[in-house]
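In this text, residue positions in the sequence shown follow the numbering used here: the first is 1, and each later residue adds one.
For reference, the structure discussed in these notes is given below.
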Amino acid sequence: MRPKNITHGLLIILFILPAIAFSADEAEEESPQTSDLTTEDAAQTDNTEAVQEKKTTTPREVIPRSFTPSQQIRIQTLTEQISQRTPNEIETLESQGETFLALYREAQGNDTQGCIILIHGNNEHPDWPRVIKPIRMSMTQNSWCTLSIEVPDNMTKEAITVPTEPASEETTEGEIKLPNEESVFARIEASIAFTSDKGVPNVSLLGYGTGASYAIKYSINNNLSSGALLLVSASMPNKMSPFPIAQLLKNSQQAVLDYYIRPNKFDKQFADARYLAMSQRENQVPLYTQIKASSNTQYDINSNQLIQRVRGFLKQNTQQREQRKQLPSTQKALFYNSPIESGN
């Protein structure tokens, strides 16, 4: 055999031997590798089922939104602004071991008719430019003091949650529990105590937006009878069912002014439910007045018109103190002695 052929044959043998060895190793490992894959598939299936089960029992994580400022920053900014403008209005009240902001304005004049406690809507503040600020600033000129209080947000605009099942705030007895109800009610109680310390026992509640729902339930639960219940563009927090809160109005011992404008679908249901509940009362006392104000948009509230309605309603439906100013002393002879009788 030629050396060239021998070299060629050796190269072929060297090439074939590794291939044969690799095939043998692959054949030996084929069976256990298949078994391992089966075990891994089973484990993955179990993990998938566990994840699916976890998804069905655990609500989705809350995702914060960045475009809505937190309440802490909002209140801090407001406090700084009021401190520069009218620092005497700022009051720090306490309830449930925590402090909250309140803006207090005394009534102008000697005869204070009462005090209006203002409850703003969700994601707002005690000096909100719509409704809250115009009322708290103007009603003091009509012998009413005003106390606008900070209430906690219910977080619907600051976070997105996707629960697997509809969240229910209703109790087994058919009553409905509002978000942060205990905290808001405790703040209202602290506010009433504050006005009482000021010598103003006659208190009216004004709720704007979602604040109106809290005003309704607090008034009914605590049997408020003095003052009036003022509702402006009332809405339910988190689009909760409006009917339980509306039904509470039938037991109101306060006169109720229900003022709203161009509501959306949910607020329209709430307004209709309130009107229906109050029309079903056997005794139409105290007075209930629902007014749908004309407006171009849902949020365009004529402040002057609203102030006139509130002022007139309070004057007609709350106990008023006589506002009499003592006339200066005069000599009646100047008016009653006739020139003829005096002989002049």
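Yeah, the Cβ is synthetic: ideal placement off N, Cα and C, and Gly gets one too.
Just so we're clear, the structure is a prediction, and the values are computed from it rather than from any experiment.
Counting only residues of its own chain and dropping the five nearest sequence neighbours on each side, Q305 has a CB closer than 8 Å to the CB of A293. Taking a C-beta distance under 8 Å as the contact criterion, I149 and P126 qualify as a contact pair. Residue burial annotation: T112 is buried, with at least 16 other C-beta atoms found within 10 angstroms of its C-beta. Around the beta carbon of Q141, fewer than 16 other beta carbons lie within 10 angstroms, which makes this residue exposed. Each of I245, T92 and L231 was checked against the Cα of K217, and the nearest Cα belongs to I245. Non-local beta-carbon contacts of Q290 in its own chain, meaning distances under 6 Å to residues more than five positions away in sequence, involve D258 and Y275 in chain order. If you check the CB distance, P134 and S295 do not come in under 8 Å. In summary, A234 is buried, with 16 or more beta-carbon neighbours lying within 10 Å of its beta-carbon over all protein chains present. In the DSSP assignment, V232 falls within the beta strand (DSSP E) that extends over A228 to V232.
Non-local beta-carbon contacts of I90 in its own chain, meaning distances under 6 Å to residues more than five positions away in sequence, involve I82 in chain order. Contact between A212 and L93 is ruled out by a C-beta separation of about 21 Å, above the 8 Å threshold. For I220, the enclosing alpha helix (DSSP H) begins and ends at G211 to N221.
For S83, there is no enclosing beta strand (DSSP E); the residue is part of the alpha helix (DSSP H) that begins and ends at Q71 to R85. Within the same chain, A246, Q247, L249 and K250 come within 6 Å of A277 by CB-CB distance, once the 5 residues on both sides are set aside.
Membership of K292 in the beta strand (DSSP E) is indicated by the continuous run Y288 to A293.
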